[in-house]
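In what follows, a single structure is set out as structure tokens and then discussed.
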Amino acid sequence: MAMIFLGGSRDIFELPVPAIERIGAIVSAEHGVLIGDAEGTDAEMQGLLAGYNYEHVGVFHAGAEPRNNLGDWAAYHIAPPVGAQGFAVHAGKDREMARRADFGLMVWDGASPGTCLNVLRLAVTGSPCVVYDTMRGTVASIHNIEYWQAMMHHAGSDVQRAVEARMTADERLALAD
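Dropping the structure here:
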């Protein structure tokens, strides 16, 4: 069973039809799903999976309890570093999902730095990721760091700066290799 990291932007509340169809294919193939607990894409994808009564799902969360666990699935608490604030609270769980995943599927609004970093994390581990860019109406398969850099070329400079500001030293090092 392949493990698929599903995620995306918190500002997306309607999944693109091709992403819905791909999630249906994941369910049909009985792949494992790793997903976060955020509002937006995570919750929309969870709702879809719950509608299928799909069981092979793990919900990763940084808080004491998941913010969303719509299918009452197994929950995996990844504690944030002491003193973490903002995005840093949830970055550890995202890194863990990327580490465990064989593949990724992300729905990106063209602006979310967290989604960009998750795609990078998958590329660094050699796990391909399908990215649905709702801003541009495109879909791309990101197989490695070079493909990720091409994706980032289309992001605005403000998004690029936000991604760089959130990177760990290891993530920066992976880009330098």
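For the sequence shown, UniProt numbering assigns the number 1 to the initial residue and increments by one for each residue that follows.
In this text, a Cβ means the ideal position worked out from N, Cα and C, and glycines have one as well.
For Trp148, the uninterrupted alpha helix (DSSP H) run begins and ends at 145 to 153, by DSSP.
Comparing alpha-carbon positions, the option among Arg95, Ile12, Asn68 lying closest to Val124 turns out to be Arg95. Counting along the chain, no beta strand (DSSP E) covers His90; the unbroken alpha helix (DSSP H) around it starts and ends at 88 to 100. Contact between Phe5 and Gly71 does not hold, since the beta-carbon distance rounds to 17 Å and is not under 8 Å. The continuous stretches of alpha helix (DSSP H) do not include Met3, which lies in the beta strand (DSSP E) extending over residues 3 to 8. Residue Ala62 holds the alpha-carbon nearest to the alpha-carbon of Val82 among Ala74, Ala62, Arg100. Rounded to the nearest angstrom, the gap between the Cα atoms of Glu55 and Arg22 is 17 Å.
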